[in-house]
Amino acid sequence: QKIRNIFQKYVPVDVIDQFMNRPESMLVGDSRILAVLFSDIRGFTRISESMAPEQIVESLNTYFTEMVDIVLKRNGIVDKYIGDAIMAFFGAPVKHDDDVSQAVHTGFDMLETLESFNAKQAKRNRPQFRIGIGLNYGLVTVGNIGSEKKMDYTVIGDMVNLASRLEQLTKIYDVPFLISESVYARVKKEIPCRMIDKVKVKGKTQGTRIFYPKKRISKAETKGWKLHHMGLNLYYKREFDKAIKYFVYAREFLENDPILPIYLNRCKNFVKTPPPKGWEGYSVLSE
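335 is the number that the working numbering gives the last residue of the sequence shown; the numbers go up by one with no jumps.
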């Protein structure tokens, strides 16, 4: 029991039970469809330069404790810490019907908890944290990866890479949370989602649509998002002059919006220099 209690800090309880019952499965991988979430602190190198080492560790431990509690309450598994980033997944070793929804709400909870964390940071005259979150859903390989001397219970695969890319894209589009098309398809009826772009991320030949989910949106945002989507439809039809009008109108409802200027700039450039034949509207990202 003492050994189990120790290992629960490093390996999920369900995994411990599985390997206690079937030790032979320790090095066997399994294909699963699940949700993978990445979150990362923006500009942490710059933040760490302004703090003493003990302050960095204390702040990070407090931050990680609050974020990990959120993941666990939503039936997720914290896979690993990657520096100041968190990787988590939902749907293994135990699958739930609402894994995707729980993963999206984990992101919402993280952003809400960050506000209270930053309030405590401010009281202590310490830098505030900003985070980006990426979430994808699909087929992965899950299991103990490594050797008999050193193993990690983790998930790997192309789907995991896209989840990581989505987290990085939050910097480019200046939104805190991005989800893939596969996630959107499963939560669109219950969660407001705004289509952000069609992208081909670095290392991928196939494109995907990406979306910004919010727990709730105001009446102004509802109107602004509708106008934005109408503008997008025209944009992908190559009707850039008409699309500009919708994007400009949407700005009246979405103050300081980071996405509309991107499309206004693209449309103006395409009016001058139309895209080539066969253009499908994908943004090819090299970073």
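All C-beta atoms in this analysis are idealised placements derived from N, C-alpha and C, irrespective of residue type, glycine included. Fair warning: this is a prediction, and the values are worked out from it, not measured in the lab.
- Residue Val61 holds the alpha-carbon nearest to the alpha-carbon of Ala140 among Gly91, Ser212, Val61.
- Cβ neighbours of Leu275 within its own chain (closer than 8 Å, five residues either side excluded): Tyr294, Phe295, Tyr297, Ala298, Phe301.
- Here Ala291 is buried: its Cβ has 16 or more other Cβ atoms, across all protein chains shown, within 10 Å.
- The beta carbon of His153 is closer than 7 Å to those of Arg122 in its chain, skipping five residues each way along the sequence.
- Arg174 places its beta carbon 9 Å or farther from that of Met243.
- By the neighbour-count criterion, in which 16 or more other beta carbons inside 10 Å mark a residue as buried, Asn184 falls on the buried side.
- Where Leu120 is concerned, the enclosing alpha helix (DSSP H) starts and stops at 101 to 121.
- By the C-beta criterion, the stretch 104 to 122 is judged not to be in contact with the stretch 194 to 208, since fewer than 3 inter-stretch pairs fall below 8 Å.
- Between Ile258 and Leu217, the C-beta spacing is below 9 Å.
- Excluding five sequence positions before and after Lys219, the CB atoms of its chain that fall closer than 8 Å to its own CB belong to Arg90, Gly180, given in chain order.
- A Cβ-Cβ contact shorter than 9 Å links Leu82 with Val203.
- Using a Cβ-Cβ distance cut-off of 8 Å, the stretch 227 to 234 and the stretch 253 to 268 are in contact, since at least three pairs of beta carbons, one from each stretch, lie closer than that value.
- Considering only Asp145, Ile125, His144, the residue with the shortest C-alpha distance to Phe137 is Ile125.
- Put simply, of Asp132, Asp127, His277 the residue whose alpha carbon is nearest the alpha carbon of Thr110 is Asp132.
- Counting along the chain, no beta strand (DSSP E) covers Gly326, and no H or E run does either.
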